[in-house]
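Heads up: the sequence shown runs through residues 94 to 596, numbered per the working numbering.
By construction, the Cβ of each residue, glycine as well, lies at the ideal position given by its N, Cα and C atoms.
Please read all numbers here as calculations on a predicted model, not as lab measurements.
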Amino acid sequence: MTARLVSADSVITAKGRLGSGVLVEDDTVVAVGEAAHLRTAGIEELRHPGHVIVPGLVDTHIHPVAKAALDAGPQVHDVASITELVDRLRQAASDLPVASPVVAQRFDEHRLEEGRLPTRLDLDAVDRPTLVYRLCGHVAVANTAALDAAGIGPNPPTVVGGNIDIDDLGRPTGVLREEAIGLVSSAMEGGTGPGPEGLAEALRRFRSEGLTRLGAILAPESGLWCATGDELGAAVALGNDLPLPLHVHVATTDPVVLEASKASIESASTPKLDFAGLKLFSDGSFGGGTAAMSDGRGISRLRPERDLPLAQLALDLGGGVAIHAIGDAAASDTLDLFEALMDRGADPARLRIEHASTLTDDLIERIALLGVGVGAQPAFVASDQGWLDDALGEQARFAHRFGSLAAAGVAVGGGSDCPVEPASPLWGMRWARDRNGFHDTETVDGATALGWWTDGAHRLLGLPAPLTAGSPADLTILSADPTSTPAAQLSQLEVSTIIGGQP
94 MTARLVSADS
104 VITAKGRLGS
114 GVLVEDDTVV
124 AVGEAAHLRT
134 AGIEELRHPG
144 HVIVPGLVDT
154 HIHPVAKAAL
164 DAGPQVHDVA
174 SITELVDRLR
184 QAASDLPVAS
194 PVVAQRFDEH
204 RLEEGRLPTR
214 LDLDAVDRPT
224 LVYRLCGHVA
234 VANTAALDAA
244 GIGPNPPTVV
254 GGNIDIDDLG
264 RPTGVLREEA
274 IGLVSSAMEG
284 GTGPGPEGLA
294 EALRRFRSEG
304 LTRLGAILAP
314 ESGLWCATGD
324 ELGAAVALGN
334 DLPLPLHVHV
344 ATTDPVVLEA
354 SKASIESAST
364 PKLDFAGLKL
374 FSDGSFGGGT
384 AAMSDGRGIS
394 RLRPERDLPL
404 AQLALDLGGG
414 VAIHAIGDAA
424 ASDTLDLFEA
434 LMDRGADPAR
444 LRIEHASTLT
454 DDLIERIALL
464 GVGVGAQPAF
474 VASDQGWLDD
484 ALGEQARFAH
494 RFGSLAAAGV
504 AVGGGSDCPV
514 EPASPLWGMR
524 WARDRNGFHD
534 TETVDGATAL
544 GWWTDGAHRL
554 LGLPAPLTAG
564 SPADLTILSA
574 DPTSTPAAQL
584 SQLEVSTIIG
594 GQP
């Protein structure tokens, strides 16, 4: 066994200062306290003077393969007009083999001078099948060639859980919402995605931002975004070479695929890959206009007749259930399904609402009473603050209710939903603490924000409390105390990590 002392000016957790050192043995924590009391002859010491140690930061909701695909593909998030978007896509096409479709991610119509989504006619200037995703991933736009490849003509089909937008003449505009996207993406999947090497590089970048393990959303066969390939297969192929441990929620609605996915994860035979359960969708996004709201807006994707037995299977397989819910109607539907599972004996600690972006007082009370968790992404505020009041109207006061969740005692784990938002946990903490004027009564303090990426994240992933005896020896080293550093300065802190006892 290898013992090692990690020391700094202070060890800081959501509960306060615990000392100045962490004693680890192999990959687990042995003790925490003052370094002078833990130091013994012959034990290696990693000193970090002028720095603080916090529990290893954990992102509870991230799409690592999609991030790898984004980094390798056309970059369109910064385009300022539809003309510039088309130019960028045409350049991407010129760099690809003739038979390859063009797939791009993360355009944002709020940045475009036209202030609207592009259409198939706009994208027809690209001379091959083209599909471009809105930054949320819940809306995409296809050109005519891509629609033709999917067999979508002048009279498009009705899609359960999704929508193909049409013009005044009933013809598809090219805008696809929610489950309609898959009709096109499955028909034009080009290449095999970033693969294991691309995934490994993305994970190394996450590690450099202070993350020590991830709640990873992975899809088998084909990912949530087009051209990501077999996301789960890339992680399994890396196995013990994964730069970060992954707790995998499998995104599928097929029970056979769910069972096979757990078996595939177990076949990797590594503690760095863990079956965390099932990921489902109850609705879409604010920006895409598909969040299921109580006033009837949006698209509901939860189907109890399909999803209740699927969720029960995930629990029977030893995992949990995480359900995406942005709108308040989607949150209510999700809680209905969770109550049905609990009536069958489900442990609420294995059930979590992802995002929970619109919560009325009664929904927060219901979450707290049920004891289910919430996977929150405070960085959404950075993207939403400029337009969400206009989009939601009166209901905007129910958006991103971090302070109310904390006050109600709800178990919250922090995340990014990267590549939708930046993966940096310090960036997420910044927006939990300072909303830049967007309904500022819903901020939380520094200790609470740190707790969401540490204690809360461990709770959501079923891990022992961090920095307790026997917990993973995952540490994040920062150049200042993140609980007292001004929120706007958090992203300036120097960061390094120790994962499984290894720097």
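Rounded to whole angstroms, what is the Cα-Cα separation between E398 and V277? 26 Å
What residues are listed by DSSP as bridge partners for V588? L571
According to DSSP, is T106 helix, strand or coil? strand
Quick check on DSSP: helix, strand or coil for S113? strand
So, helix, strand or coil for G143, using DSSP? strand
How would you write the range of the beta strand (DSSP E) that P265 sits in, first residue to last? 265-271
Quick check: what's the CA-CA separation for G508 versus E514? 9 Å
CB-CB under 7 Å to F597, same chain, minus the five flanking residues each way: which ones, in chain order? Because the chain here runs from 94 to 596, residue 597 falls outside it and cannot be looked at.
What residues are listed by DSSP as bridge partners for L307? D152, L339
Which class does T451 belong to by DSSP, given the choice of helix, strand or coil? strand
Using the C-alpha atoms, what's the distance from L269 back to E302? 34 Å
What did DSSP end up calling N529 once you bin it into helix, strand or coil? coil
Can at least three beta-carbon pairs, one atom from the region 430-447 and one from the region 403-420, be found at a separation below 8 Å? yes
Opposite K372 in the DSSP bridges: which residues? A344, A415
Shortest alpha-carbon distance to E127 belongs to which of R140, E535, T121, R528? R140
According to DSSP, is T561 helix, strand or coil? coil
When you compare the CB positions of I446 and R494, do they come within less than 9 Å of one another, or not? no
P287 versus R390: straight-line alpha-carbon distance, rounded: 36 Å
According to the neighbour-count rule (16 or more other Cβ atoms, all chains shown, within 10 Å of its Cβ), is N333 buried or exposed? exposed
Skipping 5 residues on each side, what residues in its chain have a beta carbon closer than 7 Å to that of A361? V329, G332
Determine the extent of the beta strand (DSSP E) in which V225 is found, giving its start and end residues. 223-227
Could you name the residues of the same chain whose beta carbon sits closer than 6 Å to that of R297, not counting the 5 residues immediately before and after it, in chain order? P336
For L68 and T346, I'd like the C-alpha separation in whole angstroms. This structure leaves residue 68 out entirely; the chain is present only between 94 and 596.
For the 8 Å Cβ check, are there 3 or more pairs between the region 210-225 and the region 235-244? yes
Could you work out which residue in G275, I245, A242 is closest to G255 when comparing CA atoms only? G275
Following the continuous beta strand (DSSP E) through R399, name the residue where it begins and the one where it ends. R399 -> not in any beta strand (DSSP E); alpha helix (DSSP H) instead, spanning 397-409.
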